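To start, the structure under review is shown below, and the notes come after it.
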Amino acid sequence: MSKEKIQLSEALEDIMPSEYQEMVATATFGNEDRSWKDIGSSKELIEQHSLCAGCPESIAFRYILSSIPAPEDTVFVGSTGCTSLVFPMVGVQNIHSLFGNQNAVASGLKRALKVRFPDVNKDVIVLAGDGATVDIGLDMTMQSWFRQENFTTICFDNELYANTGGQESGLMQKGFVSKMAPMGKKFEKVRLPEIAFEAGCHYVACLTVSKPNRVEKAIRNAVYVAREFGPTYVQLYTPCILEIGKQSMEGLDEMKDAEAIGGRFVMKEFMTDEVKEFLKEKDAEQKARKKAAKAAVSA
Amino acid sequence: MEQYVVKPGPEAFLPPAAASMGIVLPDPGEAHYEGRIIDEEDAYEQIARKLLGAKVPTIFPGPLVLWKWNEKAGKKAEAIRELANALPARLIPMADYRPKYPKIDPEVEINPNHPNLTIWHNKIDACIFVGVHCHQANLALKIIRGGTDCFTIALCAQAGHEDACASFRDINVEKIKKLTETVKRLKSEGVESQALPFTQIKMTRAGRVA
Amino acid sequence: MNKKVEPKSNKILVSESVNLGEEGLKGQKVTDPNVMMFESEREPNFLTGSEVIKAAIKRANLDVMIAYPITPQSEAAALIGELFAEGYVREYFRGESEFAVMSQCAGAAFGGARVFTTTAGPGTLRAMENFPMWAGSRLPIQVCVTCRGINSPLSIQPDTLEMAYLLETGMLVWHAETAQDLYDWILGGFMVSEQPDVHLPLALCCDGFFVTHTKDTVMLQGEEMCLPRYDPYRSPVPCMDMECPPIRMMRDPFIMKSNYISYMTHASWQQEIHAAVERSRKHTLPIMNGSLIDTENVDREILIVASGTAVSQGREAIRLLEEEGIKVGLVKIKSIRPFPTEEVREATANAKTIFVPEFNIRGWLAREIKAILPNNERVIAGPHVAGGMTMPSEVIVEEIKKGLGIKSATMDRRG
Ligand SMILES: Cc1ncc(C[n+]2csc(CCOP(=O)(O)OP(=O)(O)O)c2C)c(N)n1
Ligand code: SF4
Ligand SMILES: [Mg+2]
């Protein structure tokens, strides 16, 4: 929907909750170069939610929602899990239907939107937990990649089933003792980023959410590439502080440790040469736009 | 078996859906009042009288009219404001349908998941649903019938609501205006509004100012 | 409470926002469904059930079809692929499993598309978690279920047991007897399930092979007509395309907090789904010739009440019995959800004995009927066949004679 359509009816504007008045006035709809840096100066597309205090999923949501290039034409698809506690509070339409079927839902959705809006680019973004992406939904995750569906899959990797109380998941580290892995997990953390690239994703990134710049870049790359080339995949480490026994302040340290040399989440990116070229052009375009905007302001 | 009547509650721990009690929605040109099909023309006056007779008549506009997502929506919003002014009636928005965290302020908003909180808090005895998606309206209307004594009216742009005590179908700007005209005519004929004095809520980006 | 609804206008209500005369696909004209279904000329065609499904979809102005192979629906699903290749369907692909397909259908319907798919037997059960989700989310998807066996050992043969699993999903469930039913109800089904006050998925069931793979004469309208396109902005829930408010919208947020408000909301939500099933009655009447059941000679003391191809077999049995001077009436149940409670009560009011022949071993239809009839000892569940067995009319004759205490020799020679 164009930014112009995201407005209140004048006759009833003054009974609307402040939150919505603020959203219409200052949210960064329609600004392709929106960024996590707008947080603080513009209305965020997320309201108060019920994640555990200090849960890194919360900050991950904020970075993602502030940096997707076209929230006014984006629909998210989620899955059952901690993320679904946030989604009702997100100012972008989103779908939850079942646990694990998110990439199937997104496949149908993206195709329907292409049929209905042949001239508008509608971004579909899947955002689901590791259990949803890698275990119960792996078939549908990978099949959507094989089929070259034009949408981005984001996995919030907290290395366990958080919402059901901390059970073993395929992305859990080997040896970790948890519910349903009482003697420690017996097999390695599934190498989904590598698998994703092999399965046909044109852009893959795996990182923590400790650095907003990096998250923003990865998400924007993934969305742009999904429009032009096909499936893309971003895996974000969002440690479940509750289940690994950390305090609410300790999430950031946990992520920093994990991304340090030798850690499980040293940032990695895979992309085809074509995509590399394309992203370079995109970067140049964005720089030019920003320069023009600056010039316009100072003129 | 006796015909079910869609009356204000409090009706039951879990009141039935009116459709499951054999209440059928009106066809085009018709409306319903307490579950009986009536001519749409007759509905204007019956509903206008009900609203004028209420102590706390309240309109709950929903997202379909609160947002100007098309020209019609903006016009409907104007017509709703005129109706509110003519009665007079309070305006309390149903801004969205999410179960809200941590909780709503029942004085200035209504939520389909617990509409009774707003009804009780403001002692609303007659209300209008307009611009609310039908599924969400039905959820709310049933809960209101279950636990409150509020007379519910639906101005529905689609097929109408048998879970409301009274409902129009295919509502549009003209029909809302016609309801407003009926209110004005009744008032000119001496039917007095029983509404208790109130100040319309007023919100800004910074918060509530009235 | 399943009240009967009296037909008032016997017209399909059509959205005002539909532009009749507009171009559909391949130069088809968007036609008032009343004109298309009830007034336009029809020509006889000799077709298999699968070809009939294709013929209906060709005129359905369909946005999305998602396919997966399973006998006996594979042929129909592939034929719709041909329609897509010809340009009569806007989007088509093969999913990876029935579970995935039904979720893909959900995604497309959430996005505002008219969606059709087909499945059968194990496919229906593989997909099962999706069906109450479809209904709960008010997605008006149509799935044609060509019934076949479901249990181990595997069988591709006709058997209607899977329908029992669909009954409490919140979907509309219809049971076609003939290819003509199938054709008319596919088109009419979209018009019913997309009504804003209904807006529910439809499981349009037929008996595999008996309907899908046999040829029958079916009356079809011209191909130059098609249904109006689905209008997602009349939906009772917001369409997920970021073109309509509210944009802060999850379809559908969890309602499961441990408090009374949540319980109440969820209960109210469930009631609303079944209320919507009830509302479909009014809209279904024009599609089904004015009633959810058909009746023949229901003033008789002996009745056969059946659905699907058991009706055809029952009709033949009645002819055979008539030759012997035994008079039997017939009730054909067309809609299983909503269930024609009052209609069946009325039709069976004078019956002393009611036989319910079924193509499944458990007799779910007889159970449904027993649950709503006074003096239900009148109901004799059977005969039952399963696993692909045919139901020779003589078997019904035999069952009826046995039930009436009449000696019969007809089946003695069968091994
Ligand atoms: C079919 C089905 N199986 C199991 C569940 C229970 N369940 C709900 S959430 C969840 C775990 C989610 O884990 P993950 O995807 O990693 O998300 P997280 O909560 O960790 O963010 C499970 C197992 C379910 N809802 N549905
Ligand atoms: S359980 Fe874990 S993942 Fe879920 S909100 Fe709490 S900290 Fe975050
Ligand atoms: Mg997890």
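So the sequences go chain by chain: A, B and C. One gets this note's numbering by counting positions in the first sequence from 1 and adding 2 to each. With the first letter of the second sequence counted as 1, position 146 gets the number 139 in this note's numbering; the numbers rise by one all the way through. One gets this note's numbering by counting positions in the third sequence from 1 and adding 1038 to each. All C-beta atoms in this analysis are idealised placements derived from N, C-alpha and C, irrespective of residue type, glycine included. Computed from a predicted model, the values in this text were never measured in an experiment.
A:F152: beta carbon under 7 Å from a heavy atom of ligand 3? At residue 152 of chain A the sequence reads Asn, which differs from the Phe that was named. Flag unset: Cβ of A:N152 not near ligand 3.
Of the residues C:A1344, C:P1376, C:V1256 and C:K1439, the one placed nearest C:Q1218, counting alpha carbons only: C:V1256
According to DSSP, residues forming a beta bridge with C:V1183: C:T1157 and C:C1243
C:M1039 - DSSP class collapsed to helix/strand/coil: Residue confidence is low: C:M1039 scores 47 on pLDDT, short of 50, so the model does not pin down where it sits. No coordinate-derived value is stated.
When you compare each of A:W147, A:I8, A:K7 and A:M18 to B:R198 by their alpha carbons, which one comes out closest? A:M18
Considering only their Cβ atoms, is the gap separating A:S109 from C:Q1142 smaller than 8 Å? yes
Tell me the DSSP secondary structure of A:K219 in three-state form. helix
Just to confirm the assignment: which complete beta strand (DSSP E) runs, minimum length 3, are found wholly within the stretch 1112 to 1177 of chain C? 1127 to 1132 and 1153 to 1157
Candidates C:F1148, C:R1176, C:C1185 and C:P1107, of which the one nearest C:G1159 by Cα: C:C1185
Taking beta-carbon pairs under 8 Å, can you tell me which members of the stretch 244 to 270 of chain A lie near chain B? none
What whole-angstrom Cβ distance do B:W60 and A:S69 have, given they're in contact under 8 Å? Not confirmed; about 25 Å, so no contact.
Paired residues, beta bridge with C:L1341 - DSSP: C:G1367 and C:I1392
Distance, C:F1292 Cα to A:T85 Cα: 12 Å
Just to check, is the beta-carbon of A:N160 closer than 7 Å to a non-hydrogen atom of ligand 2? yes
Roughly how many angstroms separate the alpha carbons of C:I1108 and C:G1187, rounded to a whole number? 12 Å
In three-state DSSP terms, what is C:E1081? strand
Alpha-carbon spacing of A:A286 relative to A:R36, whole angstroms: 16 Å
What do you get for A:A297, buried or exposed, if any count of 16 or more other CB atoms within 10 angstroms of its CB means buried? exposed
In angstroms, rounded to a whole number, what distance separates the CA positions of B:F191 and A:M91? 32 Å
Note down, one range per segment and in chain order, each alpha helix (DSSP H) of at least 4 residues found wholly within the stretch 1291 to 1323 of chain C. none
Starting from C:Y1106, follow its DSSP beta bridges and name the residues at the other end. Beta-bridge pairing links C:Y1106 to no other residue.
With a cut-off of 8 Å, do at least 3 Cβ pairs link the stretch 1324 to 1336 of chain C to the stretch 1045 to 1064 of chain C? yes
Against A:Q95, what residues of chain B qualify as contacts under a CB-to-CB distance less than 7 Å, listed in chain order? Ordered by position in chain B, no residue passes the 7 Å Cβ test against A:Q95, which lies about 11 Å from the chain.
Given the structure, does C:N1414 come close to ligand 2, in the sense that its CB is under 7 Å from one of the ligand's heavy atoms? no
Chain C contact for B:D113 (CB, 8 Å cutoff): The sequence given here places Trp at residue 113 of chain B; Asp does not occur at that position. No, because no Cβ of chain C sits closer than 8 Å to the Cβ of B:W113.
beta-carbon A:F101 near ligand 5 non-hydrogen atom, thresh 7 Å: The model depicted lacks ligand 5 and carries ligand 1, ligand 2 and ligand 3 instead.
Report the CB separation of C:G1149 from C:D1269 in whole angstroms; it is logged as a contact under 8 Å. With 8 Å as the limit, C:G1149 and C:D1269 do not qualify as a contact, their Cβ atoms being about 14 Å apart.
For B:F144, is the classification buried or exposed, using 16 other Cβ atoms within 10 angstroms of its Cβ as the cut-off for buried? buried
Can you round the beta-carbon distance between C:L1258 and C:Q1180 to whole angstroms, since I take them to be within the 8 Å contact cut? Their Cβ separation, rounded to whole angstroms, is 18 Å, which puts C:L1258 and C:Q1180 out of contact at 8 Å.
From the DSSP output, read off the bridge partner residues of C:R1289. A:I97
Does the distance from the CB of C:H1312 to the CB of C:S1273 come in under 8 Å? no
Compute the Euclidean distance between the alpha carbons of A:E46 and C:M1140, then round it to the nearest angstrom. 34 Å
If you count every other CB in all the chains shown that lies within 10 Å of the CB of A:F158, and 16 or more means buried, which is it? buried
Could you tell me the boundaries of the alpha helix (DSSP H) in which B:C127 lies? C127 to G140
Of the residues A:K5, A:E15, A:A29 and A:V94, which one's Cα is nearest the Cα of C:C1277? A:V94
Kindly indicate if chain B contains any beta-carbon less than 8 Å away from that of A:D16. yes
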